[in-house]
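S.K.: Quick one: structure below, then a few questions.
There are 2 protein chains.
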Amino acid sequence: MKRIMLTVAYDGTAYCGWQYQEGRPTIEGELNKAIEKLTGERVEVIGASRTDAGVHALCNLAVFDTESSIPGEKFCYALNAHLPEDIRVVASAEVTADFHPRKVATRKTYEYRILNRDLPDPVRRLYTYFAYGPIDVTRMQEAAVYLEGEHDFASFCSPATQALTTVRTVYKVEVERVEDEIRIRVCGNGFLYNMVRIIAGTLLEVGRGRLAPEDIPAILEKKDRQAAGPTAPAHGLMLIRYEFEDKSFIL
Amino acid sequence: MKRIMLTVAYDGTAYCGWQYQEGRPTIEGELNKAIEKLTGERVEVIGASRTDAGVHALCNLAVFDTESSIPGEKFCYALNAHLPEDIRVVASAEVTADFHPRKVATRKTYEYRILNRDLPDPVRRLYTYFAYGPIDVTRMQEAAVYLEGEHDFASFCSPATQALTTVRTVYKVEVERVEDEIRIRVCGNGFLYNMVRIIAGTLLEVGRGRLAPEDIPAILEKKDRQAAGPTAPAHGLMLIRYEFEDKSFIL
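Chains as they are written, first to last, in the working numbering: chain G, 117 to 367; chain X, 117 to 367.
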């Protein structure tokens with residue numbers, strides 16, 4: 117028996133999110149099916165981030181145990197033959213038997229992309245949120261600074277959360293304009309339900325002048341979802357990076 | 117009566133190409149339908165480039181005549197309400213009554229994108245051609261130079277062509293690596309059927325070492341489709357720019 121960690125990239129457009137749901141297309145469900153086809157074993161992968169319906173990822177993590185003789189680093193090639201084109205295992209490795217992807221110290225980075233121009237772009241419609249009109253990136257950058265650090269992010273969390281605590285540490289919130297796109301990159305030790313999308317929706321309100329950068333501390337203070345801006349749509353969001361403080365779990 | 121020129125962007129994935137075909141989804145068919153919904157007039161747009169099934173565009177051109185009182189520059193906003201999300205009119209203008217988009221001196225630029233890394237990327241799968249293994253961009257650049265200028269491109273043309281002459285002028289062929297993508301940009305006064313895709317397929321053979329840059333003149337000389345490399349898949353191709361020598365036809 118060995119434990120395998122998969123790094124999984126996907127286009128979330130066609131899926132009801134990461135987490136398995138009976139009878140509906142999910143990333144987890146497709147991975148379980150592909151592993152069964154490859155190894156003959158029924159497994160339920162453990163995911164690192166349960167991304168919402170429509171959210172994309174370059175590098176989500178999935179872990180499972182297998183008796184297969186396939187070497188850890190070869191699983192990516194073998195599994196891709198059994199996966200739909202919009203899900204690819206981009207790396208794989210054997211890990212220690214006690215490794216759990218949600219119980220290890222990590223820095224995760226999400227990127228939210230806003231397409232800010234006069235008219236939409238068909239070839240970017242699935243991966244950016246289209247928003248026309250003036251958006252002031254400098255104001256968004258000023259607001260972003262207030263979100264960095266350890267805070268109670270209750271105002272930036274869907275009331276549907278099941279988290280025991282709403283305190284999280286955000287290491288960095290970067291906002292930059294790249295031609296006609298505004299990219300918001302949020303790096304943290306973990307995120308609450310819808311947290312990055314609410315951060316993006318709130319920063320967009322600041323960029324549009326409906327909130328001031330200086331409003332952010334009071335929004336955090338209220339610990340009330342109603343105080344923050346709207347939840348930005350899922351399709352603009354992508355999980356782009358996972359960093360581990362200690363990689364000794366990779367064999 | 118006035119003549120309107122539309123600049124049209126589209127994701128070609130779901131379409132059987134630009135040109136109207138009875139009962140099948142085409143860009144032209146969708147534009148005709150949208151114009152009829154908006155103006156009540158039955159029209160058949162005249163397109164500038166009849167792109168193949170699966171090919172994308174940032175700026176193809178379509179022209180039609182209308183009695184509508186909508187100002188030329190407003191058609192883009194009005195038509196988008198009647199078009200599917202993967203087709204957007206990104207600009208519109210009234211043009212002179214005799215303007216024909218295929219009978220005017222233009223420089224067109226196509227871009228072909230190759231994703232060159234170890235494993236595919238789901239979020240770029242619809243807009244890049246995935247090719248793993250070593251590809252030498254310097255060799256491709258050396259080969260590209262031989263394609264520039266006025267040549268008989270019969271070797272780089274599908275035998276299905278209906279063109280009267282296979283002589284075309286290619287102003288520039290650029291090849292560059294941008295991170296894990298190789299981008300081939302071909303600018304010319306007009307292109308034969310499949311020409312850019314055969315150029316991309318042939319340059320890729322050079323990049324892989326199966327052809328030498330110095331083979332290109334002999335391939336051109338043969339005027340035989342069999343002499344060139346394979347036709348690269350449609351989904352890596354995008355029409356990215358239209359330049360007019362004289363813009364006085366825009367009113």
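Think of the CB as a built atom: it goes at the ideal place given N, C-alpha and C, for glycine as much as any other residue.
(1) Check whether chain X comes within 8 Å of A316 of chain G, counting only Cβ atoms and requiring the distance to be less than that.
(2) Indicate the three-state DSSP secondary structure (helix, strand or coil) for M354 of chain G in the structure shown.
(3) Counting Cβ pairs closer than 8 Å, one from the stretch 344-364 of chain G and one from the stretch 131-151 of chain X, do we hit at least three?
(4) Distance check for T123 of chain G and A316 of chain G, CA to CA, integer angstroms please.
(5) Which chain X residues are close to P141 of chain G, counting only those with a beta carbon under 8 Å from its beta carbon?
(6) Shorter than 8 Å from the beta carbon of A350 of chain G to some beta carbon of chain X?
(7) How would you list, in chain order, the residues of chain G whose beta-carbon sits under 8 Å from the beta-carbon of A276 of chain X?
(8) State buried or exposed for S208 of chain G, treating a residue as buried only when at least 16 other CB atoms are found within 10 Å of its CB.
(9) Applying the 10 Å Cβ sphere with the 16-neighbour rule, what's the burial state of Y193 of chain G?
(10) Could you name the residues that DSSP lists as bridge partners for A260 of chain G?
(11) In terms of alpha-carbon separation, which member of G:T282, G:L320 and G:E292 lies closest to L336 of chain G?
(12) Give me the DSSP bridge partner(s) of K224 of chain X.
(13) Name, in chain order, the residues that DSSP records as bridge partners for V239 of chain G.
(14) Using beta carbons (cut-off 8 Å, strictly below), is Y126 of chain G in contact with chain X?
(15) Mapping DSSP to helix, strand and coil, what is E183 of chain X?
(16) To the nearest angstrom, report how far apart A344 of chain G and T182 of chain G are at their CA atoms.
(17) Rounded to whole angstroms, what's the CA-CA distance from S364 of chain X to S165 of chain X? Just pull it up for me.
(18) Rounded to whole angstroms, what's the CA-CA distance from G306 of chain G to I314 of chain G? Just pull it up for me.
(19) Any beta-carbon of chain G closer than 8 Å to the one on H172 of chain X?
(20) Whole angstroms are fine: how far does the CA of A259 of chain G sit from the CA of F269 of chain G?
(21) Output yes if chain G places a C-beta closer than 8 Å to the C-beta of E201 of chain X; else output no.
(22) If I'm right that V206 of chain G touches L235 of chain X with Cβ under 8 Å, what's the distance once you round it to whole angstroms?
(23) E210 of chain X and I120 of chain X: beta carbons closer than 8 Å?
(24) Anything in the stretch 236-267 of chain X with a Cβ closer than 7 Å to a Cβ of chain B? List those residues in chain order, please.
M.R.: In short, the structure shows the following:
(1) Answer no: the Cβ-Cβ gap between A316 of chain G and chain X never drops below 8 Å.
(2) DSSP, reduced to helix, strand and coil, places M354 of chain G within a strand of the structure shown.
(3) No: fewer than three Cβ pairs fall under 8 Å.
(4) Counting only the Cα atoms, T123 of chain G lies some 25 Å from A316 of chain G.
(5) Those within 8 Å of P141 of chain G in chain X number zero; the least Cβ separation is about 14 Å.
(6) Chain X has no Cβ within less than 8 Å of the Cβ of A350 of chain G.
(7) Residues of chain G passing the Cβ test: none, with the nearest at roughly 27 Å.
(8) Counting Cβ neighbours within 10 Å, S208 of chain G comes out buried, since at least 16 surround it.
(9) Exposed, by the Cβ-count rule.
(10) A260 of chain G is not bridged by DSSP to any residue.
(11) Here the closest residue by C-alpha is G:T282.
(12) DSSP links K224 of chain X through a beta bridge to X:G304 and X:Y358.
(13) Under DSSP, no beta-bridge partner is assigned to V239 of chain G.
(14) Chain X contact via Cβ: present.
(15) E183 of chain X: coil per DSSP, three-state reduction.
(16) The straight-line gap from Cα to Cα measures roughly 44 Å.
(17) For S364 of chain X and S165 of chain X, the distance between alpha carbons rounds to 21 Å.
(18) Their Cα atoms are separated by approximately 15 Å.
(19) Contact with chain G is found for H172 of chain X, since one of that chain's Cβ atoms lies less than 8 Å from the residue's Cβ.
(20) Roughly 15 Å separates the two Cα atoms.
(21) It does; some Cβ of chain G falls within 8 Å.
(22) Yes, they are in contact, since the Cβ atoms of V206 of chain G and L235 of chain X sit about 5 Å apart, within 8 Å.
(23) Closer than 8 Å, so yes.
(24) Structure shown: chain B not included; protein chains present are G and X.
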